[in-house]
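Here the structure comes first, spelled out in structure tokens, and everything after it is commentary.
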Amino acid sequence: MPGVEFWRNGTIKVNEYNMTSVKGLFAAGDVAQGPSNIELAMKSGKKTAEYVDKYLRGEL
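Sequential numbering from 66 applies to the sequence shown in my numbering.
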């Protein structure tokens with residue numbers, strides 16, 4: 066996707082809310098943090114879903 070920035074290791078750059086360099090586009094789990102285990106990936110996905118909800122409500 067145009068505008069998405071990546072780290073050298075191929076993961077997507079995200080801010081503290083897991084939003085990418087494209088406003089309104091979020092990334093979580095292995096694509097944002099690199100390979101991990103399922104527990105960490107699920108936690109990342111859940112937290113990112115909370116951020117997406119806040120973003121859509123205008124709270125971010």
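C-beta atoms are modelled at their ideal positions from N, C-alpha and C, and glycine is treated no differently.
Only a predicted model underlies this, so the values are computations on that prediction, with no experimental measurement involved.
query, result
"Round the Cβ separation of valine 87 and glycine 68 to the nearest angstrom and send it over; I've been treating them as touching at under 8 Å.", "5 Å"
"Can you give me the Cβ contacts of valine 96 inside the same chain, cut-off strictly under 8 Å, excluding the 5 residues immediately before and after it?", "Thr76, Ile77"
"Opposite methionine 84 in the DSSP bridges: which residues?", "Phe91"
"Going by CA-CA distance only, name the one from Ser101, Thr113, Met66 that's closest to asparagine 83.", "Thr113"
"If we ignore side chains and look at the alpha-carbon of each, how far apart do serine 101 and methionine 107 end up?", "10 Å"
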